[in-house]
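Worksheet: one structure, shown below.
Chains as they are written, first to last, in my numbering: chain A, 34 to 279; chain B, 1095 to 1370.
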């Protein structure tokens, strides 16, 4: 008997440990803000309810980060790489501070005061940085002071329309259990390589019909077929004088 | 710890073989490990939508679809307005009406939001409706129902529901029924976690406010519900009372959090005109 259940028990034990964090917020409500670090750079922040996008200008370079419930991802042409607060570079402490503030999985090098700490150049030990000071107003964070650098919010406003695409993260680098899931695909007969799409009304399937009238898939089909266009929504927002509550 | 978790399955597989546990087939361990791994992996938007389609079919099957095209269109316009503030790319938001006097609204995974005729009757302005829809969007943003389905999978369904779906397998009628019943149980029979409801309230107010609506009317809406609940026992409010924290407590928490704001549009006239 135990031999039947042992594999599942072991597997369940292996699955324990993953947690979902809750990201902090730079703005209380969804919206757009600009943070300036003077000569060190500036960042445009688009904060929605479930994701935040940070476009940081550091020197001549623009770096784009999106955070979701899994953490902060740096986007590039080849995919998304998990940002790690431990890997901040000299001169970008202000950016690391901003990103750490929105990272639900932040847990890297930290001092007792909750301030970023870094490795010194000789990598012989942690270097404690000066205290982080945060100022807020009813809209959210207005200023951060860390390591002698002041990061100041210079503008705040509503989230631009059609901003949802700004939060797309594709090509996340897999790690841990996700890798295991991929590796074990094909080892078992019941798993196939890809999932089918139900993005649009597709017709009630034979399996769905087996469930009888308790499940009204025909009505779901009508719900999926009903749509309002982006232009209709734009017109609706304009006619109601909506579009930003800040 | 993370490295250990990543390496452990390999050690486990090798260990089982090396220890000569004849009765344990490597295939079984691989199946179990794969199922657990898949159940912990995030759903793709397509997978989440497939689960939501089943749960929505179960809920609509219970109440029936209110076939009022004008009201459905209006609710969709309000819903799409607030959904723009959520930031869940890949979610296709769909808003539909349920033909019942019951005062309630339901969010299914994948962006299916279902609102009862009774709830529309209880609203007095577009701002109130927007906050209700934003509350449901908040559930989707927080993946509250999805979390319950995952939890049920790990605890009681032998790990296979989510694993099959997340692995891309075809959903059988049996599998869909298990998902649908779990969703029905969470949404209608017993409700979500109390903290998830309060979280959705806070998210909803942030979303509605960012969309340009005043959120103070939502406080008034909750006040009216609390008053009705004090006078009526059972009936149209029974479902809401069973599945949500007390309306008076929800209002107080939002007030304490400073999320009931007068700034923004109320649009009581537009609501009355569209819902006439």
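Every residue gets a Cβ at the ideal spot worked out from N, C-alpha and C, and that includes glycine.
- Task: Would you kindly check if the distance between the Cβ of residue 1235 of chain B and the Cβ of residue 1297 of chain B is under 9 Å?
- Result: yes
- Message: Judging by CA-CA distance, which residue of B:1305, B:1268, B:1334 is the nearest neighbour of residue 1291 of chain B?
- Response: B:1334
- Message: Just verifying my parser: in three-state terms, what is the DSSP assignment at residue 1344 of chain B?
- Response: helix
- What residues in the segment 1285-1316 of chain B have a beta carbon less than 7 Å from any beta carbon of chain A? 1297, 1300, 1301, 1303, 1304, 1305, 1306, 1307
- Message: Using beta carbons (cut-off 9 Å, strictly below), is residue 252 of chain A in contact with chain B?
- Response: yes
- Query: Between residue 1139 of chain B and the rest of its own chain, which residues show a CB-CB distance below 6 Å, the 5 nearest in sequence each way excluded?
  - Reply: 1184
- Query: First and last residue of the alpha helix (DSSP H) that includes residue 101 of chain A?
  - Reply: Note, residue 101 of chain A: premise wrong, no alpha helix (DSSP H); beta strand (DSSP E) at 94-101.
- Length of the line joining the Cα atoms of residue 136 of chain A and residue 1180 of chain B: 17 Å
- Item | Opposing strand residues paired with residue 170 of chain A [DSSP bridges] | A:173
- Query: Does DSSP put residue 1265 of chain B in a helix, a strand or coil?
  - Reply: coil
- Could you tell me the distance, in whole angstroms, from the CA atom of residue 203 of chain A to the CA atom of residue 113 of chain A? 6 Å
- Mind checking the segment 1334-1367 of chain B against chain A and listing, in chain order, the residues whose C-beta falls within less than 7 Å of any C-beta there? 1357, 1358, 1359, 1361, 1364
- Message: Need the endpoints of the beta strand (DSSP E) that residue 79 of chain A sits in, please.
- Response: 75-80
- Could you give the DSSP three-state label for residue 274 of chain A: helix, strand or coil? Collapsing the DSSP output to three states places residue 274 of chain A in coil.
- Identify, in the order they occur along the chain, each residue of the same chain with its Cβ nearer than 8 Å to the Cβ of residue 1240 of chain B, setting aside the five sequence neighbours on each side. 1137, 1142, 1145, 1203
- When you check each C-beta in the segment 237-248 of chain A against every C-beta of chain B, which residues fall closer than 8 Å? 240, 241, 243, 244, 246, 247, 248
- Query: What whole-angstrom Cβ distance do residue 1230 of chain B and residue 1312 of chain B have, given they're in contact under 8 Å?
  - Reply: For residue 1230 of chain B against residue 1312 of chain B, the beta-carbon gap comes to about 13 Å, at or over 8 Å, which does not count as contact.
- Message: Starting from residue 1141 of chain B, trace the alpha helix (DSSP H) in both directions and tell me its first and last residue.
- Response: 1139-1157
- Message: If I measure Cβ to Cβ from residue 175 of chain A and keep anything under 8 Å in the same chain, skipping five residues before and after, which residues do I get?
- Response: 168, 169, 185, 186
- Item | Touching by the beta-carbon criterion (3+ pairs, under 8 Å), the segment 76-88 of chain A and the segment 1181-1201 of chain B | yes
- Message: What does the alpha-carbon distance come out to for the pair residue 1267 of chain B and residue 1360 of chain B?
- Response: 45 Å
- Message: Any beta carbon from chain B within less than 9 Å of residue 192 of chain A's own beta carbon?
- Response: Taking CB atoms only, residue 192 of chain A has a neighbour in chain B less than 9 Å away.
- By how many angstroms is the C-alpha of residue 1189 of chain B removed from the C-alpha of residue 1344 of chain B? Between residue 1344 of chain B and residue 1189 of chain B, the C-alpha separation is close to 24 Å.
- Query: What does residue 1159 of chain B reach in chain A if we use C-beta pairs closer than 8 Å?
  - Reply: 249, 252, 255, 256
- Item | Cβ of residue 107 of chain A within 9 Å of any chain B Cβ | no
- Message: Just to make sure I have the definition right: I need the residues of chain A whose C-beta is within less than 7 Å of the C-beta of residue 1369 of chain B. Which are they?
- Response: Residues of chain A passing the Cβ test: none, with the nearest at roughly 15 Å.
- Message: So if I threshold CB-CB distances at 7 Å, which residues from the segment 1167-1193 of chain B count as touching chain A?
- Response: Those would be 1167, 1170, 1171, 1174, 1175, 1178, 1179, 1180, 1181, 1182, 1183, 1186, 1188, 1190, in chain order.
- Message: Please list, in chain order, the chain B residues whose beta carbon lies closer than 7 Å to that of residue 88 of chain A.
- Response: Under the 7 Å cutoff, chain B gives no residues; its nearest Cβ is about 15 Å from residue 88 of chain A.
- Using a Cβ-Cβ cut-off of less than 9 Å, give me the residues of the segment 1196-1214 of chain B that come near chain A, in sequence order. 1204, 1206, 1208
- Can you give the Cα-Cα distance for residue 1170 of chain B and residue 1176 of chain B, rounded to whole angstroms? 10 Å
- Query: What residues are listed by DSSP as bridge partners for residue 182 of chain A?
  - Reply: A:179
- Query: Thinking C-beta only, is residue 1219 of chain B closer than 9 Å to residue 1362 of chain B?
  - Reply: Their beta carbons are under 9 Å apart, which means residue 1362 of chain B touches residue 1219 of chain B by this criterion.
- Task: Assign residue 90 of chain A to one of three DSSP states: helix, strand, or coil.
- Result: DSSP places residue 90 of chain A in strand when its eight states are reduced to three.
- Message: Only counting the same chain, and skipping five residues up and downstream in sequence, which positions put a Cβ closer than 8 Å to that of residue 111 of chain A?
- Response: 204
- Item | Interface residues of chain B facing residue 166 of chain A [CB-CB closer than 9 Å] | By Cβ distance, chain B contributes nothing, its closest Cβ being about 23 Å from residue 166 of chain A, past 9 Å.
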